[in-house]
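K.L.:
Take any residue in the sequence shown, note its place counting from 1, add 121, and you have its number in the working numbering.
Each residue gets a CB set at the ideal place from its N, CA and C atoms; glycine is no exception.
These numbers come from a predicted model, not from an experiment.
One structure is given below, represented as C-alpha cells, and several questions about it will come after.
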Amino acid sequence: MPTKKVTTNGTEVAIFDNAVIYKRGEYWHFRYWLTKERKYARFSLRTTNLNTAKVKAEGHYHELKAKEYAGITHFSKTAKDGVAMYLAKREKDIDINITKGRFSTIKTHLEHWLNYIKRDTKLKELQITDCEDYYLKRVEGKTKKQTLSATTVENEQSTINAMMKWLYKHKETNLESFEFTKLKRVDRGDESLRRNSFTDDEIKRIGIELDKYIAEAQQNINETGNLVKAIAGYYFVISIMFGLRRGEQIQIEWRDYEEFRHKVGTEKYNLVKLTVRAEISKVNKTRRIVEKDIGYFDDLFKLQYPRITAYQKSKEKDKQKHFANTLIFSANGDTAISNRAIAYHFDKIIKLAKIENIEKRNIVPYSFRHYYITQKVNSGLVPTSVGEIAGTSTTQIENTYYHTTDAKLIANAFAGYTLKDGLLIPT
122 MPTKKVTTNG
132 TEVAIFDNAV
142 IYKRGEYWHF
152 RYWLTKERKY
162 ARFSLRTTNL
172 NTAKVKAEGH
182 YHELKAKEYA
192 GITHFSKTAK
202 DGVAMYLAKR
212 EKDIDINITK
222 GRFSTIKTHL
232 EHWLNYIKRD
242 TKLKELQITD
252 CEDYYLKRVE
262 GKTKKQTLSA
272 TTVENEQSTI
282 NAMMKWLYKH
292 KETNLESFEF
302 TKLKRVDRGD
312 ESLRRNSFTD
322 DEIKRIGIEL
332 DKYIAEAQQN
342 INETGNLVKA
352 IAGYYFVISI
362 MFGLRRGEQI
372 QIEWRDYEEF
382 RHKVGTEKYN
392 LVKLTVRAEI
402 SKVNKTRRIV
412 EKDIGYFDDL
422 FKLQYPRITA
432 YQKSKEKDKQ
442 KHFANTLIFS
452 ANGDTAISNR
462 AIAYHFDKII
472 KLAKIENIEK
482 RNIVPYSFRH
492 YYITQKVNSG
502 LVPTSVGEIA
512 GTSTTQIENT
522 YYHTTDAKLI
532 ANAFAGYTLK
542 DGLLIPT
C-alpha cells in the first residue's frame, strides 16, 4: 500500500522523475516515490530558500537512486522480520545440510537474540557494537540451577552472526556481523568446568535401579503410565550403552538396529549395531556404533512389536508404517517419548540410585552421553576414534573430555605396578 500523499499549500516543484519539493508552512520538503517499496521517502530540507532546497533535494535524490541501483531498500525491516526471513531460508535446508534438531536449535538461539535486541528494532539501524553486552544479559538473573555455559553463549553468537551475514548479503542490514565481547578462555583443566558426568559406582547403582524400574513397570504394563515408564527405563539403559544425543536417540527406528555374533579368538560375543542416519544426526553424517549386547534391545523388541504392529494395523492403510520404520522409544511407533517424560523418570531413577549433589554437579540425562564418551577416552582410544563413535569433532573430544580423572592420576602414580590383595606388585 502506498503511503498517503502529504497535502501541501499548493507550492510543488518537480525536480526529477517521481521527485518533487513542496512547501509546508514556511519550509521546503522533499518527496520521492520508491517504486519497488511502494512508499514515499520524505525528508525535511530545513530551509525557506528555493535554490537551497533544490540543492539539498538533489543530494537526497541521488542517494536514493544509488540505493535502488544497488538493490538496497530505503525502509528497514524489523529484527523480527529478519529472523523470520532467515528461518524460512534455513527451514528449506532441512535434510539438505541441516537436521530438524539443528533447525530447532537455530530457532531457539535467535529467539534469545530477539529478546535481547527487541523485536521492533530496525535492521538498518543496528550498529556493530549493539551486542557487546549479550553474554552479560544472557546470564543475568540466572540461578545456580539455571547455569548457562560460555560455550552455549558462543554457539548462540555464532548463529546470530551467521544470520547477519545472510541478511547483509540480501541487503537487509548495513553490517555483516556484530562484535561480541570476547569471552574468557575456558580452563579445560578446571575440575568444576568438566562435562558433568557420573562415576563408575554411580552408573552401577543406576543400572541396578533401572533393571528394577523396568521390571516393576512390566509386571502391570497395561496400568496407566507403566508403558512409558518401561520405555523410559530402556531409553536410559541404551543411552548409557551408546551415548547418543537426545535428538538422535528419540529418532532411532527399528531399521537402525541390528544384532550379530562376532568371534574373538575362541570367544563368541553377541553384538548390537546402531546406525545413526545422517538425517537424524546433529552433524548430518551417518555413523555406526557397535557395542556388546546385554539383552535390552531384545526385551524392548518383545514389549514393542505386538503393540506397535496392532496400532499400525488400526490406522488407514495408506498411513500404516512397517514395523522397521517405527520409532524405538515410542508408545505407538509414531510419536517419540516426550522430553517431559524423560526428565520425570530421570529424576525418579536418580533418587532411587541415591545420586548426590545433582544440582551442584548439574547432572542431567545428557550426562549419560558424557559418561559414555569419558569411558571411551579413558579406555585408551585416540581422539579421532572417539570422535567418530560419538559423532563429534576430534577438537571437541580433546578440549572437553581429555581431562585427567582421579583414577588416571592414581594409575599414573603407580605406573609399572598392579594392585593385588591390597599390595602393590611390580608388573
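Leaving out the 5 sequence neighbours to the left and right, which residues in its chain are closer than 8 Å to LEU304 when beta-carbon positions are compared?
P.N.:
Within the same chain, LEU304 has close Cβ partners TYR256, ALA271, VAL274 and GLU275.
K.L.:
So what does DSSP say about TYR465, is it helix, strand or coil?
P.N.:
TYR465: helix per DSSP, three-state reduction.
K.L.:
Would you check if the distance between the CB atom of PHE75 and the CB atom of ILE458 is smaller than 9 Å?
P.N.:
Summary: the structure shown does not reach residue 75, with the chain confined to residues 122 through 548, and so no result is reported for it.
K.L.:
Between which two residues does the beta strand (DSSP E) harbouring PHE164 extend?
P.N.:
160-165 is the span of the beta strand (DSSP E), which, as asked, contains PHE164.
K.L.:
By DSSP, does GLU337 sit in helix, in strand, or in coil?
P.N.:
Three-state DSSP puts GLU337 in a helix.
K.L.:
When the Cα of SER506 is compared with those of LYS472, GLN372 and ARG408, which residue comes out closest?
P.N.:
The shortest C-alpha separation from SER506 is found at ARG408.
K.L.:
Taking only runs of the beta strand (DSSP E) that begin and end inside the stretch 358-434, which ones reach a length of at least 3 residues, in chain order?
P.N.:
For the stretch 358-434, whole beta strand (DSSP E) runs of length 3 or above, ordered along the chain, are 378-385, 388-397 and 408-413.
K.L.:
When the Cα atoms are used, what is the spatial distance from VAL404 to ALA445?
P.N.:
C-alpha separation (whole angstroms): 24 Å.
K.L.:
Just to confirm before moving on: does the CB-CB distance between ASN391 and GLU380 stay below 9 Å?
P.N.:
Cβ distance < 9 Å, so ASN391 and GLU380 count as in contact.
K.L.:
What are the start and end residues of the alpha helix (DSSP H) that includes PHE299?
P.N.:
No alpha helix (DSSP H) holds PHE299; DSSP gives it neither H nor E.
K.L.:
How many angstroms separate the CA atom of ILE471 from the CA atom of ILE327?
P.N.:
Distance between the alpha carbons of ILE471 and ILE327 is about 7 Å.
K.L.:
Check whether the stretch 205-221 and the stretch 171-178 are in contact - that is, three or more C-beta pairs closer than 8 Å.
P.N.:
Counting Cβ pairs under 8 Å, fewer than three are found: no touch.
K.L.:
Would you call TYR182 buried or exposed, if buried means 16 or more other Cβ atoms sit within 10 Å of its Cβ?
P.N.:
When all chains shown are included, TYR182 counts as buried.
K.L.:
With distances taken between CB atoms, is the gap from LYS160 to SER197 smaller than 9 Å?
P.N.:
Their beta carbons are not under 9 Å apart, which means LYS160 does not touch SER197 by this criterion.
K.L.:
Are three or more beta carbon pairs between the stretch 236-255 and the stretch 196-215 nearer than 8 Å?
P.N.:
Touching, yes.
K.L.:
So ARG145 is in the beta strand (DSSP E); what residue range does that whole segment cover?
P.N.:
Segment 140-145, the beta strand (DSSP E) holding ARG145.
K.L.:
For SER318, count the other beta carbons within 10 Å of its own beta carbon; 16 or more makes it buried, fewer makes it exposed. Which is it?
P.N.:
Buried, because 16 or more other Cβ atoms sit within 10 Å of the Cβ of SER318.
K.L.:
Are the stretch 320-336 and the stretch 349-364 touching, with three or more C-beta to C-beta distances below 8 Å?
P.N.:
Yes, since at least three Cβ pairs between the stretch 320-336 and the stretch 349-364 fall closer than 8 Å, the two stretches touch.
K.L.:
What would DSSP say about ALA135, mapped onto helix, strand or coil?
P.N.:
The answer is strand: DSSP assigns ALA135 an E or B state.
K.L.:
Straight-line CA distance for GLY222 to ILE401?
P.N.:
For GLY222 and ILE401, the distance between alpha carbons rounds to 8 Å.
K.L.:
For GLU147 and ARG163, I'd like the C-alpha separation in whole angstroms.
P.N.:
Whole-angstrom Cα-Cα distance: 17 Å.
K.L.:
Sort GLU323, LYS292, MET284 and LYS413 by Cα distance to ILE479 and report the nearest one.
P.N.:
Ranking GLU323, LYS292, MET284 and LYS413 by Cα distance to ILE479 puts GLU323 first.
K.L.:
Below 9 Å between beta carbons: does that hold for LEU166 and ILE142?
P.N.:
Taking 9 Å as the Cβ cut-off, LEU166 and ILE142 qualify as a contacting pair.
K.L.:
Leaving out five residues before and five after PHE151 in sequence, what residues of the same chain have Cβ atoms less than 6 Å from its Cβ?
P.N.:
Closer than 6 Å at Cβ, skipping near neighbours: ILE142, PHE164, LEU166, ALA178 and HIS181.
K.L.:
Out of LYS286, LYS413 and CYS252, which has the shortest C-alpha to C-alpha gap to LYS384?
P.N.:
Comparing Cα positions, the closest option is LYS413.
K.L.:
Closer than 8 Å by C-beta to LEU235: which residues in its own chain qualify, once you throw out the five before and the five after it? Chain order, please.
P.N.:
Closer than 8 Å at Cβ, skipping near neighbours: ALA200, LYS201 and VAL204.
K.L.:
In whole angstroms, what separates the C-alpha of CYS252 from that of TYR417?
P.N.:
Distance between the alpha carbons of CYS252 and TYR417: 49 Å.
K.L.:
Confirm, please, whether the CB-CB distance from GLN517 to GLY508 is below 9 Å.
P.N.:
Yes, they are a contact pair.
K.L.:
Which of helix, strand or coil does DSSP assign to THR495?
P.N.:
Here THR495 sits in helix by DSSP.
K.L.:
Between ASN453 and ILE429, which are expected to be in contact by the criterion C-beta below 8 Å, what is the C-beta distance as a whole number of angstroms?
P.N.:
ASN453 to ILE429, Cβ: 7 Å. Contact.
K.L.:
By Cβ distance, which residues of its chain are closer than 8 Å to PHE157, with the 5 residues on each side in sequence left out?
P.N.:
This sequence places Lys at residue 157; Phe is not what is there. The answer, listed in chain order, is GLU189 and THR194.
K.L.:
Going by DSSP, what residue range makes up the alpha helix (DSSP H) through LEU288?
P.N.:
Note, LEU288: alpha helix (DSSP H), 271-290.
K.L.:
Name the residue from VAL485, ASP377 and GLU519 whose alpha carbon lies nearest to the alpha carbon of GLY501.
P.N.:
Considering only alpha carbons, the answer is GLU519.
K.L.:
Which runs of the alpha helix (DSSP H) at least 4 residues long sit entirely within the stretch 169-230? Give them in chain order.
P.N.:
Correct list: 171-191 and 200-213.
K.L.:
Assuming the contact rule is C-beta atoms closer than 8 Å, TRP149 and LEU171 should be a hit. Round their C-beta distance to whole Å, please.
P.N.:
7 Å between Cβ atoms; contact.
K.L.:
From ALA474 to LYS325, what does the alpha carbon distance come to, in whole angstroms?
P.N.:
Using only the alpha carbons, I get a separation of about 9 Å.
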